[in-house]
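Chemist: Numbering (my numbering), first residue to last: 474 to 646.
Where a beta carbon is used, it is the ideal one built from N, C-alpha and C, also for glycine.
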């Protein structure tokens, strides 16, 4: 298996990027879970269940906490992707395919934030006394949010595919 020569400072930076990747997974899961508490992922949910979820103060607070947690997770994912790209670039000897890693992470993170935002938007609006929640609007936004967030998984797939391909070519797997 090929080795990648790394200096002391680079080694610390790569170690931090690895920790950022682990932390990003935790924050992404927590952020999505907090948004899930108020969002609507099942379009067949009854109108009364949707409105009950939407007007629950605890769930609204959870969604409010979930968005910045999710954003921090995406920021850490980008830090990890930058370190991963550096390692994969060195491992591959400069294969241009390695340059797809950071944009793929950005695609994943950006669509995840947009998807969750659509799903929790009605809860934010319900916090103001100016918005009267409508179950069909909430249902449509939740479904749109799910579709957008799931589309973001393409970015995650590209990250995994590029990394696996280059690692296989370099006989690192």
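Classify residue 581 as helix, strand or coil using the three-state DSSP reduction.
Modeler: Position 108 of the chain shown, counted from the start, is the residue given in the question as residue 581. Helix.
Chemist: Rank 563, 601, 596 by C-alpha distance to the C-alpha of residue 523 and give the top, closest one.
Modeler: Residue 523 sits at position 50 when you count from the first residue of the chain shown. Out of 563, 601, 596, 596 has the C-alpha closest to the C-alpha of residue 523.
Chemist: Do the CB positions of residue 635 and residue 571 come within less than 8 Å of each other?
Modeler: Reading the chain shown from its first residue, position 162 is the one you call residue 635. Reading the chain shown from its first residue, position 98 is the one you call residue 571. Yes; because the gap between Cβ atoms is below 8 Å, this pair is in contact.
Chemist: Note the first and the last residue of the continuous alpha helix (DSSP H) segment covering residue 510.
Modeler: The sequence position of residue 510 within the chain shown is 37, counting from 1. That residue, residue 510, is in no alpha helix (DSSP H); it is neither H nor E in DSSP.
Chemist: Just to confirm the assignment, what range does the alpha helix (DSSP H) spanning residue 558 have?
Modeler: The residue labelled residue 558 in the question sits at position 85 within the chain shown. Element bounds for residue 558: 530-565.
Chemist: Given 7 Å as the limit, tell me if residue 567 has its C-beta closer than that to any heavy atom belonging to the ligand HEM.
Modeler: Ligands displayed in this structure: none; no statement on the ligand HEM is therefore possible.
Chemist: Measure from the alpha carbon of residue 552 to the alpha carbon of each residue in 619, 491, 480, then state which is nearest.
Modeler: Your numbering for residue 552 matches position 79 in the chain shown. Ranking 619, 491, 480 by Cα distance to residue 552 puts 491 first.
Chemist: Closer than 7 Å by C-beta to residue 505: which residues in its own chain qualify, once you throw out the five before and the five after it? Chain order, please.
Modeler: Within the chain shown, the letter at position 32 stands for residue 505. 543, 589.
Chemist: Going by the CB atoms, is the gap between residue 584 and residue 622 shorter than 8 Å?
Modeler: In the chain shown, the residue the question calls residue 622 occupies position 149. In the chain shown, the residue the question calls residue 584 occupies position 111. Yes, the pair counts as a contact, with Cβ atoms nearer than the cut-off.
Chemist: Alpha carbon to alpha carbon, what distance is there between residue 527 and residue 647?
Modeler: What is shown of the chain runs 474 to 646, which leaves residue 647 out entirely.
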